[in-house]
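A short write-up of the structure that comes next.
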Amino acid sequence: MKLVKKVSSLSTLTIKELQSETEILQAFPVMKQLRGHLDEQEYLKLTAEAREKDQYRMYALYDQEELVAVTGFKPMITLYYGRFVWVCDLVTDETKRSAGYGEALLTYIHEWARDNDYANIALSSGLQRHDAHRFYENKMDYDRVSYVFKKNLF
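With the working numbering, the residue at position 125 of the sequence shown is 127, and numbering never jumps.
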């Protein structure tokens, strides 16, 4: 586990990359709060395939060894953004929000990107997620730069 920062004399936050199926499964209850359409089997199947084929990485933030937030991201290269990191998933347990956990985990992604020579971070957020938009824009200083469009084929 990597020490991120000390929040008080009694509490320490740590971030750990989730690599085994057991570790990834332990993050499911928190991830399910963001990705409610997934059951455990589909979640495990998609994370395994994304890790194998798409460089998807998962990290969890722990407070006193309790998993309180989780993220999934992948490094990418496109003509639009150049070398960047796409944050696929970022969620803090709904009972633990507004305590700085999301900020700590997203800051870790920024550091990971810089350390690995990725110049930008990008993500999408559902139109209905107004609290998340305020967090990204006001707290984390992200710019709103585009809309994401989706078409279901099946």
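Ideal Cβ placement from N, Cα and C applies to all residues, glycine included.
Everything numeric in this text was worked out from a predicted model, so none of it was measured.
Residue i vs residue j beta-carbon contact at 8 Å
i: Thr94; j: Tyr83; result: no
i: Ile123; j: Val87; result: yes
i: Phe75; j: Arg85; result: no
i: Asp91; j: Arg37; result: yes
i: Ser1; j: Tyr138; result: Only positions 3 to 156 of the chain appear in the structure, and residue 1 is not among them; the question remains open.
i: Val32; j: Val89; result: no
i: Phe30; j: Glu42; result: yes
Integer-rounded CB distance, given that residue j should sit under 8 Å from residue i
i: Leu69; j: Gln28; result: 6 Å
Contacts around residue i, its chain only, beta-carbon distance under 7 Å, and the 5 residues preceding and following it disregarded
i: Glu23; result: Leu46
i: Leu108; result: Leu92 and Met142
i: Phe156; result: none
Proximal residues to residue i (C-beta, below 6 Å), its chain only, five neighbours per side dropped
i: Glu19; result: Tyr61
i: Tyr144; result: Tyr138
i: Asp56; result: Lys76
Bridge-paired residues (DSSP) for residue i
i: Phe86; result: Met78 and Asn122
i: Glu96; result: According to DSSP, Glu96 bridges with nothing at all.
i: Asp65; result: Leu15 and Glu68
i: Asp91; result: Gly74
i: Met60; result: Leu20 and Gly74
Residue from the options with nearest C-alpha to residue i
i: Gln35; options: Glu96, Asn140 and Thr80; result: Glu96
i: Thr80; options: Glu51, His135 and Ala121; result: Ala121
i: Ala115; options: Pro77, Gln57 and Ser100; result: Pro77
i: Tyr149; options: His112, Ala134, Leu125 and Phe156; result: Leu125
i: Phe151; options: Ala134, Leu129, Arg136 and Asn140; result: Leu129
i: Asp157; options: Leu40, Ala50, Ala106 and Ala52; result: Outside the modelled stretch of the chain, which goes from 3 to 156, sits residue 157, for which no answer is possible.
i: Glu25; options: Asp41, Leu40 and Ala50; result: Ala50
i: Ala134; options: Ser100, Gln21, Glu113 and Ala52; result: Ser100
Cβ-based neighbour list, residue i, same chain, cut-off 8 Å, excluding 5 preceding and 5 following
i: Asn154; result: none
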